[in-house]
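S.K.:
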Amino acid sequence: TLKYIKMMEKKLPELSQAVFEVNSVFATEPVLNQFKAKIVEKLSTLLNVAEDLAYESLEVPNKSINGDFAFPIPRLKLPGNPVQIAKELQQKIKTDEYILKVTAFGPFLNFFINKNLLTQKLLPQILTQDTKYGNNYDGVGKTALVEYSSPNIAKPFHFGHIRSTIIGNFVKNVLNATGWHTVSINYLGDWGKQYGLLAVGFEKYGDEELLQKDPIKHLFDVYVQINKDGEEKDENGNSEVHDSARRYFKKMEDGDADALKLWQRFRDMSITKYREVYGRLNIMFDIYSGESQYSYEQCKEVLDELQGKNLLVPSDGALIVDLTEKNLGTAVIGKSDGSLLYLSRDIAAAISRHEIYNFDKLYYVVASQQNHHFKQLFTILEEMGKPWVKNCEHINFGMILDMSTRRGNVVFLEELLDATQESMHEVMKKNEEKYNQIENPDLVADTVGLSAIMIQDMSSRRNKDYSFVWSRMLSFEGDTGPYLQYAHSRLRSIERKAEEAGIVIPEDLVVNFNLLVEPQAVLLMNFLAKFPEVVKEVSKSFEPCGVVQYCFELCHNFSSTYEQLYVLNQEKELAVARLALYKSARITLGNGLRLLGIM
Ligand code: ARG
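Under UniProt numbering, the first residue of the sequence shown is numbered 145, with each subsequent residue one higher.
Right under this line is the structure:
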C-alpha cells in the first residue's frame, strides 16, 4: 500500500544491508507502483480520500483503449452521482510527465501513463536488479516453516509426494523472493507399526547387497513380501507376522537400542537416496525430520496436556477428542494397546516446531485427501489454547490421474524421472541435425524432461485433478515446460549474437529507450512491468499457475515482438535499445522460471 511504500522509503536506510542480503531481496519499489502513487496523489489533492483505499482501488482495465489504470469512483462512497463526479474530476486533474491523459468513462476515471517514462524507469530497474527483479520485502524479518514432500519409507512415492515436492518448492521460492526466512522440512513417514513389520520382513527377505544398491526399492520389495505373509491368519484370526511386528515396534517406542539401530540404518540409507533424487530436481531440504522424532515420550506430554484440559475422552478403549460439535467427527489420539497415531504425532510436531522456531507461518503442503486430518489437527490445537494455530496453513492440491509410464504404474520418483528422461531423449532424436549439436544430450533430456513434469503439474489451479498426458507434456510446441525453456534459450542466443556483433549495453545504462516505440515493444515492456505484481499475488494465493501463465504470455509476447523487431543490422542506438528490452525479457522470464523451480 501507499503508506507502506512511504514508510519503507523512510525506513530503508535504517534496515541494515545485511537483512536484505540474507533474504536476497532487492528493495526498490516496482515502477508501476510509482505511477499508481502519482494517480493517488492527484486524486487526494482534489478529494478528501483515504490514500490507502484509493491506492487499493486502482484497477487495470481489460482493454488497453481504456487506459493503463482505471479508478472506480463508487469505491470512494462519495455523496452524489459517480458518473457526474468522474466527469468533473476529469476536467480538474492536471496531467504531467507521468500521466499523459485522463478520461471519464461512466463511473470510471481512466488514466493513460507515459510509456516512454515507464520504459526509461523500468528497463534500468530490471537490468540492475537482475535475478532480484520482481522480489519484494513483505516478509523481511519473518520466519516461515514449509513442510513438503514427506514420503513414507518403504512405501511408494506416489502422486501426493510428487506434487507436494514440486508445489512445496514453489512455495518456498516465493517466500524467499518476498523476503521471508524459510526453513524447509521433509517430514518423513518413518514411524509406526509398519516399521516393525519392515524389520520382521528384513530378517526374512533382506538382502544386504540389494539394500546397498537401491535402499528405497529394496525396502519396498521387502515390505510388499512381508505384507503378503501377513495376510495368513491362524485359526483364531491372528497373524504371527503382525504380532511380531507389533512387538518389534513396541521395542522401538521403548527405545530399545538394537531395534532402533536397524531402523536408523534404513532411514539413513533412504535419506541418502532421497537426497540424490531431489538433487536431480534441484530441491534441497534444510531439515529431514519425520514422525519418528515424535515417539511415545514426546507425545506423552501432549496426552497429559490434553488430559489436563479435559479434552480426552475414552471411547471403546481408545482415547479420542470429540469434535462432533465442530462437524469434524471424533479424532482418535491413542489406541487401546497404548500406541499413538499419525494425528498424535502431528500435534506434538506442531507444538515442538513452535517452541523451536517461534514461526510466523507454518505451511503444510499436503494432498487434499488430508483436508480432514488438518482440520482436526488445527482444531485440536485451538482447543488446547494455542493462539499461534492461526498461523498454520494447509496448502492442498488435487490428484494426478493416469500416472503410468510404459513400465507400468509409477511408484518411485526416480522411475518417473528416468521414464521422462527417456521419452524426452526420443523426442530430441527425431531432429537428428539438432540432436548432433547437443554436447550432453543425457543432461539436456533430463533437465527438459523435468521441466515438462513440473510445468504440467503447475499449469492449473492446485485443487484441480489432472491427467499425465505424456505426448502433450513433452512437446516443444504449445504451453509446455520444454517450450518455456526453448524460449529462454532463444532469448539467450539473441544476447550472444549481439555480443558477437559488438552490440553492448553500456554499464551506466545510458540507452536511448525512447526508440522503443513500436506497439509490440511497448506491449512487451508493459508486460514486463507487471511481474512484481504477479509475485505479490502468488505470495498470497500460492497458486503456481499464476506464474506459469505469466511466463507463457511473456514468451508469446516475446515471439511476436521478435518476429518483427531485430537487433542485428540496425542503427547502433536502436540495436542497443532493443537488446536492452530482450535482455530484460530474459531476466524476467528467468526469474519466473526460478520461482517455479525449473531453472
Ligand atoms: N507422510 C505423509 C503421507 O505420505 C504425509 C505427511 C504430511 N505432513 C504432516 N505433517 N502430516 O501421507
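Cβ atoms here follow ideal geometry from the backbone N, Cα and C, with glycine treated the same way.
#1: Assuming G542 contacts N471 under a Cβ cut-off of 8 angstroms, what Cβ separation, rounded to an integer in Å, is found between them?
#2: In chain order, what residues of the same chain have a beta carbon less than 6 angstroms from the beta carbon of G461, not counting five sequence neighbours either side?
#3: Taking the straight line between their C-alpha atoms, what separation do you get for A475 and G399?
#4: Which residues mark the beginning and the end of the beta strand (DSSP E) in which T474 is found?
#5: Ordered along the chain, which non-local residues of its own chain (more than five positions away) have a Cβ less than 7 angstroms from that of E158?
#6: Which runs of the alpha helix (DSSP H) spanning at least 4 residues fall entirely within the stretch 246-283, listed in chain order?
#7: Is F164 helix, strand or coil by DSSP?
#8: Identify the continuous beta strand (DSSP E) that holds N540 and give its terminal residues.
#9: Applying the criterion that 16 or more other CB atoms from any shown protein chain within 10 Å of the CB defines a buried residue, is M568 buried or exposed?
#10: Less than 8 angstroms between the CB atoms is what I'm expecting for S433 and I329, so what's the real figure, rounded?
#11: Report the three-state DSSP secondary structure of A171 (helix, strand or coil).
#12: Would you call the stretch 287-301 and the stretch 384-399 touching, i.e. three or more CB-CB distances under 8 angstroms?
#13: Shortest alpha-carbon distance to D586 belongs to which of G278, S208, G285 and R424?
#14: Report the three-state DSSP secondary structure of N515 (helix, strand or coil).
#15: Could you check the C-alpha separation between D623 and M598 for me, to the nearest Å?
#16: Can you tell me whether DSSP reads V318 as helix, strand or coil?
#17: Per DSSP, what are the beta-bridge partners of Q214 in this structure?
#18: Does any heavy atom of the ligand ARG sit closer than 8 angstroms to the C-beta of N540?
#19: Buried or exposed for N735, going by 16 or more other Cβ atoms inside 10 Å?
#20: Could you tell me whether the Cβ atoms of Y610 and L557 are closer together than 9 angstroms?
#21: Please find out if some non-hydrogen atom of the ligand ARG comes closer than 8 angstroms to the beta-carbon of S294.
#22: Distance, Cα to Cα, L725 vs A665?
#23: Assess contact between the stretch 282-290 and the stretch 498-515, defined as three or more Cβ pairs (one per stretch) separated by less than 8 angstroms. Is contact present?
#24: With a threshold of 8 angstroms, establish whether the CB of Q514 neighbours any heavy atom of the ligand ARG.
#25: Enumerate, from N- to C-terminal direction, the unbroken alpha helix (DSSP H) stretches of 4 or more residues contained entirely within the UniProt domain "DALR anticodon binding" (628-743).
#26: Is it a yes or a no for the stretch 311-326 touching the stretch 341-354, going by three-plus beta-carbon pairs under 8 angstroms?
#27: Any heavy atom of the ligand ARG inside 8 angstroms of the beta-carbon of Y507?
#28: With H, G and I counted as helix, E and B as strand and the rest as coil, what does DSSP make of residue 784?
#29: Tell me, which residues are paired with K395 by DSSP?
#30: Check whether the Cβ of D430 sits closer than 8 angstroms to any heavy atom of the ligand ARG, and report yes or no.
#31: Based on the DSSP output, what are the partners of A343 in its beta bridges?
#32: When you compare the CB positions of F675 and V315, do they come within less than 9 angstroms of one another, or not?
#33: On the three-state DSSP scale, how would you describe E583?
#34: Any heavy atom of the ligand ARG within a distance shorter than 8 angstroms of the CB on G333?
#35: Tell me the DSSP secondary structure of N313 in three-state form.
#36: Verify the contact flag: E291, CB atom, against every heavy atom of the ligand ARG, threshold strictly below 8 angstroms.
M.R.: Reading from the atomic positions:
#1: In fact, because the Cβ distance is near 23 angstroms, the residues do not count as touching under 8 angstroms.
#2: S480
#3: 27 angstroms
#4: T474 to G478
#5: Only weak support exists for where E158 lies, its pLDDT of 47 falling under 50; the value from the coordinates is given anyway. Excluding residues within five positions, none has a Cβ falling inside 7 angstroms.
#6: 259-273
#7: Low per-residue confidence applies at F164: pLDDT is 41, beneath 50, and the placement is therefore not dependable enough to give any value.
#8: Where N540 is concerned, there is no enclosing beta strand (DSSP E), given that its DSSP letter is neither H nor E.
#9: buried
#10: 5 angstroms
#11: For A171, the pLDDT reaches just 46, beneath the cut-off of 50, and the residue's location in the model is therefore unreliable, although a value from the coordinates is still provided. Residue state, collapsed to three classes: coil.
#12: no
#13: R424
#14: helix
#15: 12 angstroms
#16: helix
#17: In the sequence as presented, Gln is not what sits at residue 214; that position holds Ala. Paired residues: E203 and N254.
#18: no
#19: buried
#20: no
#21: yes
#22: 8 angstroms
#23: yes
#24: yes
#25: 663-673, 675-685, 688-706 and 716-740
#26: no
#27: no
#28: The first residue shown for the chain is 145 and the last is 743, placing residue 784 beyond what the model contains.
#29: Bridge partners of K395: none, in fact.
#30: no
#31: The partner list for A343 (beta bridge, DSSP) is empty, contrary to what the question assumes.
#32: no
#33: coil
#34: yes
#35: helix
#36: yes
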